[in-house]
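Reading through the structure tokens given below for one structure.
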Amino acid sequence: MDQNIKNVDLKLDNIEVLTSGTTAEFVNGILDFLLYQRRQIPFVYKTYKYYVDKWSEADESGQSKDQESFAHYQRNQQRSKAKATKESISDMREVIRQAFRSSEVKSLRFLFGNNTFMPSEVYTLHIPHDSISRDHYCEHHALPEGRINQALLRLLTCEELYTLFSTELNATNVFLEMELLTDTGGLQGSHCDSVNLIPKHVFSKVPRSCKNIHLHLLHCSENAPNELRCCKELDIYHDLGLLNLDKSGADVSKSSEEQDFLKAANETSGWWQAEVIVRGFRAPGNQKSGDLWSS
Ligand SMILES: [Zn+2]
Numbered sequence: 001m002d003q004n005i006k007n008v009d010l011k012l013d014n015i016e017v018l019t020s021g022t023t024a025e026f027v028n029g030i031l032d033f034l035l036y037q038r039r040q041i042p043f044v045y046k047t048y049k050y051y052v053d054k055w056s057e058a059d060e061s062g063q064s065k066d067q068e069s070f071a072h073y074q075r076n077q078q079r080s081k082a083k084a085t086k087e088s089i090s091d092m093r094e095v096i097r098q099a100f101r102s103s104e105v106k107s108l109r110f111l112f113g114n115n116t117f118m119p120s121e122v123y124t125l126h127i128p129h130d131s132i133s134r135d136h137y138c139e140h141h142a143l144p145e146g147r148i149n150q151a152l153l154r155l156l157t158c159e160e161l162y163t164l165f166s167t168e169l170n171a172t173n174v175f176l177e178m179e180l181l182t183d184t185g186g187l188q189g190s191h192c193d194s195v196n197l198i199p200k201h202v203f204s205k206v207p208r209s210c211k212n213i214h215l216h217l218l219h220c221s222e223n224a225p226n227e228l229r230c231c232k233e234l235d236i237y238h239d240l241g242l243l244n245l246d247k248s249g250a251d252v253s254k255s256s257e258e259q260d261f262l263k264a265a266n267e268t269s270g271w272w273q274a275e276v277i278v279r280g281f282r283a284p285g286n287q288k289s290g291d292l293w294s295s
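Using this note's numbering, read the sequence shown as starting at 1 and increasing by one per residue.
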């Protein structure tokens, strides 16, 4: 077996109900983690965003118009690059949220490299899409940040990834590709326009030299989510609102196993690439990096 392939289980436990919204937040947590861990941003995303937003505020209030020196010019150049990186990360996070909201995501991958054909590292996230409950609202089952961090901490201490994470990776591009389930075999063009995804007709194979990491997201819960009735009542009103009352009796009479079977039989998926690309940001080594972030 190819030495560069690594399979790692990533458990999300003590979460009663997994909704598409909470799964998206978990995926975004993994994106943030990888961006920082693979040195595409100098701080964790939250801190990075805080600094960059602070510059924008200072710019608006005219605080940074003081000097016209070359050093000042250089610093502004770096800052605008850092801002662009922050904005692309924020856009990618939104693409992920929207994709989970509007489609069933089977898997997705983050490719680190100059282009999607010759990436140096690929992280494929396998989504437990059968465990995602559609009968519950994510607002009622928000994922505490601590839980995400707990799961990610395990990734950090995972032996399989230790060698990989201790190697240097230069600032590069990060691409996002998503495998979406479709029950009719073909997605309507308009369906994905809104989330800025481009259909990928040729699925690019990962070259042998590439580090190929598969993260299997697992949802462990003691209760079956269907047995929890917290959001059920709301669901009825929701359905009424949509005038979706005439769900045919035939559907209901089928056992859930039959329905699962039918679903699996109709299940096809396609790959899509996000338009947004994150360009890793690293302050040049000859500058005092403190200068860039402070003041
Ligand atoms: Zn619920």
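In this text, a Cβ means the ideal position worked out from N, Cα and C, and glycines have one as well.
| task | Figure out for me which residue from 230, 55, 19 and 79 has the closest Cα to the Cα of residue 127. | result | To locate residue 127, count along the sequence shown from 1; it is residue 127. The shortest Cα separation from residue 127 among 230, 55, 19 and 79 belongs to 19.
| query | Do residue 86 and residue 49 have their C-beta atoms within less than 8 Å of each other? | reply | As a first step, residue 86 is located in the sequence shown; it is residue number 86 there, counting from the start. As a first step, residue 49 is located in the sequence shown; it is residue number 49 there, counting from the start. Taking 8 Å as the Cβ cut-off, residue 86 and residue 49 qualify as a contacting pair.
| message | For a quick check, are the C-beta atoms of residue 178 and residue 111 less than 8 Å apart? | response | Here residue 178 refers to the residue found at position 178 of the sequence shown. Here residue 111 refers to the residue found at position 111 of the sequence shown. No; because the gap between Cβ atoms is not below 8 Å, this pair is not in contact.
| query | Rounded to a whole number of angstroms, what is the C-alpha to C-alpha distance between residue 51 and residue 78? | reply | Against the sequence shown, residue 51 aligns to sequence position 51. Against the sequence shown, residue 78 aligns to sequence position 78. Approximately 13 Å between the Cα atoms of the pair.
| request: Please say whether residue 181 and residue 129 have beta carbons closer to each other than 8 Å? | output: If you number the sequence shown from 1, residue 129 lands on position 129. If you number the sequence shown from 1, residue 181 lands on position 181. Yes, the pair counts as a contact, with Cβ atoms nearer than the cut-off.
| request: Please list, following the chain, all residues that have a C-beta closer than 6 Å to any non-hydrogen atom of ligand 3. | output: With respect to small molecules bound, the structure shown includes ligand 1 and not ligand 3.
| request: Evaluate residue 70 with the Cβ neighbour count: other Cβ atoms within 10 Å of its Cβ, from every protein chain shown; 16 or more gives buried, anything less gives exposed. | output: Translated into positions along the sequence shown, residue 70 becomes position 70. Counting Cβ neighbours within 10 Å, residue 70 comes out exposed, since fewer than 16 surround it.
| message | Taking the beta carbon of residue 188 as the centre, do at least 16 other beta carbons fall within 10 Å, making it buried, or is it exposed? | response | Position 188 of the sequence shown holds residue 188. Here the model assigns residue 188 a pLDDT of 46, short of 50, so the residue's position is not dependable, and the following value carries that caveat. The residue in question, residue 188, is exposed, as its Cβ has fewer than 16 Cβ neighbours within 10 Å.
| request: Reducing DSSP to helix, strand and coil, say where residue 93 ends up. | output: As a working note, residue 93 is residue 93 in the sequence shown. In the structure shown, residue 93 sits in a helix (DSSP, three-state: H, G or I).
| said: Let's see if you can read the secondary structure: which residues bound the alpha helix (DSSP H) around residue 154? | reply: Translated into the one-based positions of the sequence shown, residue 154 becomes position 154. Run containing residue 154: 145-156, per the alpha helix (DSSP H) assignment.
| Alpha carbon of residue 185 to alpha carbon of residue 57, nearest angstrom | Taking the first residue of the sequence shown as 1, we reach residue 185 at position 185. Taking the first residue of the sequence shown as 1, we reach residue 57 at position 57. Note that residue 185 has pLDDT 41, beneath the 50 cutoff, so the model's placement of it is unreliable and the number below is only indicative. Going by the C-alpha atoms only, they are around 48 Å apart.
| query | So, using beta-carbon positions, are residue 326 and residue 218 closer together than 8 Å? | reply | The question about residue 326 has no answer here: the residues shown for the chain are numbered 1 through 295.
| query | Which word fits residue 72, buried or exposed, when buried means at least 16 other C-beta atoms lie within 10 angstroms of its C-beta? | reply | Within the sequence shown, the letter at position 72 stands for residue 72. The residue in question, residue 72, is exposed, as its Cβ has fewer than 16 Cβ neighbours within 10 Å.
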